[in-house]
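Numbering (the working numbering), first residue to last: 200 to 525.
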């Protein structure tokens, strides 16, 4: 296997930014999500330079950009072959699914990707996946969820290591580049002379995330100072640390129902956390604050409603001191 030369400085520079990979020995197999874009191509190349030679490259064709999407899949397939790595490809008509489920294209695409990753985790018996999210992604996600009125869970949504329960699979998501900024990755790509695919939709302002990236963050930096991006990143990291502690305060629930008296005995913050963990255990991973709060209020003695609607035509009800899903 021949790798590009002349980029050891960039490799070492990014490596100093994270100690995360010390927890994941390079001689073990791992999945890696590769879209063909700059970030995932850089992550793949970087990991190979660090000795990760048992990677399983996973690419989902979202079918959003016609021939360009097909070309992305072909590019990633060739990249995996170049590095002599296993390759898994899937396809999902994201726009049709989004219309059917009445969800945004971005949310539908993300859910489709994670379902695809979970399926391959099960197939290969390998439940850890590397993803190429970086510090700018963290800042954008924090602002996006803040604007949507998210709680602590939403503000801390992007962590260096997290577990996502999907279709009976506990998928461990690892983001080694989370401390690195987009400019760091750009430097790495230039110095290593890496080829990648450009997604023209990243510059279109129709998507809320793109407006945050291309308009709101530059405006905040211009108006409030150059440290804005770094300060938001630090706040998101603090939120993730506190989220992890809060999560540890509530035990996992494998029960099909929740005890109303036990739920009421908890402080409000822990009530919400208990409900969130319970819903996730019931294969409801993407519920928002509004649903969690309505379930919490359903457990109140004076609740004026009898059920809470969930996605996929399911409901939460209360009966005989229990809250359950039907």
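Note that beta-carbon positions come from the ideal geometry of N, C-alpha and C, so glycine has one too.
Using only alpha-carbon positions, find the residue among 334, 357, 333, 332 that is nearest to residue 344.
As a position in the chain shown, residue 344 is number 145, starting the count at 1. Out of 334, 357, 333, 332, 357 has the C-alpha closest to the C-alpha of residue 344.
In chain order, each alpha helix (DSSP H) run of at least 4 residues that lies wholly inside the stretch 361-440
381-391, 407-410, 416-423
Residue 506 vs residue 514 beta-carbon contact at 7 Å:
Along the chain shown, one-based indexing puts residue 506 at 307. Along the chain shown, one-based indexing puts residue 514 at 315. Yes, they are a contact pair.
In its own chain, which residues sit with a C-beta less than 8 Å from the C-beta of residue 364, not counting the 5 before and 5 after it?
Counting from one through the chain shown, the residue named residue 364 turns up at place 165. Cβ within range, chain order: 370, 479, 480, 482, 484.
Is the stretch 313-325 close to the stretch 414-428, with three or more CB pairs under 8 Å?
Counting Cβ pairs under 8 Å, fewer than three are found: no touch.
Spatial neighbours of residue 460 in its chain, beta-carbon cut-off 7 Å, leaving aside the 5 residues before and after:
Position 261 of the chain shown, counting from 1, holds the residue named residue 460. Excluding residues within five positions, the ones whose Cβ falls inside 7 Å are 520.
Looking only at its own chain, which residues have a Cβ that is under 7 Å from the Cβ of residue 294, when we skip the five neighbours before and after it?
The residue labelled residue 294 in the question sits at position 95 within the chain shown. Result list for residue 294: 263, 304, in chain order.
Cut-off 7 Å between Cβ atoms - residues of its own chain near residue 337, not counting five sequence neighbours on either side:
Locating residue 337 in the chain shown gives position 138, where the first residue counts as 1. So the qualifying residues of the chain are 357, 377, 432, 435.
Report buried or exposed for residue 470, applying the criterion of at least 16 other Cβ atoms within 10 angstroms of its Cβ.
In the chain shown, residue 470 corresponds to position 271, counting from 1. By the neighbour-count rule (16 or more Cβ atoms within 10 Å), residue 470 is buried.
Between residue 274 and the rest of its own chain, which residues show a CB-CB distance below 7 Å, the 5 nearest in sequence each way excluded?
Along the chain shown, read from residue 1 onward, the residue named residue 274 stands at position 75. Contacts found: 235, 396.
Counted within 10 angstroms of its Cβ, other Cβ atoms place residue 444 as buried (16 or more) or exposed:
Taking the first residue of the chain shown as position 1, residue 444 is located at position 245. When all chains shown are included, residue 444 counts as exposed.
May I have the straight-line CA-CA distance separating residue 509 from residue 498, to the nearest angstrom?
Your numbering for residue 509 matches position 310 in the chain shown. Your numbering for residue 498 matches position 299 in the chain shown. Spanning the two alpha carbons is a distance of roughly 16 Å.
Quickly, what does DSSP pair residue 229 with across the bridge? List them, please.
Walking along the chain shown from the start, residue 229 turns up at place 30. Beta-bridge pairing links residue 229 to 254.
At what residue ranges does the stretch 240-319 contain a whole run of the alpha helix (DSSP H), taking only runs of 4 or more?
266-281, 293-300
Between residue 297 and residue 267, what straight-line distance do the alpha-carbon atoms span, to the nearest angstrom?
Residue 297 sits at position 98 when you count from the first residue of the chain shown. Residue 267 sits at position 68 when you count from the first residue of the chain shown. Using only the alpha carbons, I get a separation of about 20 Å.
Less than 8 Å between C-beta atoms, sequence neighbours within five positions excluded: which residues of the same chain meet that for residue 451?
As a position in the chain shown, residue 451 is number 252, starting the count at 1. 476, 480, listed in sequence order.
Give me, in chain order, the residues of the same chain whose beta-carbon lies closer than 6 Å to that of residue 359; leave out the 5 immediate sequence neighbours on both sides.
Within the chain shown, numbered from 1, the residue matching residue 359 stands at position 160. Excluding positions up to five away in sequence, the list reads 219, 374, 377.
Check residue 323 in the structure and name its three-state DSSP category.
Position 124 of the chain shown holds residue 323. Three-state DSSP puts residue 323 in a helix.
Give me the Cβ distance between residue 231 and residue 372, rounded to the nearest whole Å; I'm assuming they're in contact under 8 Å.
Within the chain shown, the letter at position 32 stands for residue 231. Within the chain shown, the letter at position 173 stands for residue 372. Residue 231 to residue 372, Cβ: 11 Å. No contact.
In chain order, what residues of the same chain have a beta carbon less than 7 Å from the beta carbon of residue 307, not counting five sequence neighbours either side?
Mapped onto the chain shown, residue 307 falls at position 108. Only 293, 296, 297, 300 meet the Cβ criterion.
Whose C-beta lies closer than 8 Å to the C-beta of residue 258 among residues of the same chain, with five residues either side of it excluded?
Numbered from its first residue, the chain shown carries residue 258 at position 59. Once the five neighbours on either side are set aside, the close Cβ partners of residue 258 are 232, 233, 234, 235, 271, 272, 275, 276, 286, 287, 288, 289.
Count the other CB atoms within 10 Å of the CB of residue 331; is the residue buried (16 or more) or exposed (fewer)?
For the purposes of this step, residue 331 is identified with residue 132 of the chain shown, where counting begins at 1. So residue 331 ends up on the buried side.
CA-CA distance, residue 256 and residue 413?
The residue labelled residue 256 in the question sits at position 57 within the chain shown. The residue labelled residue 413 in the question sits at position 214 within the chain shown. So the alpha carbons of these two residues sit roughly 30 Å apart.
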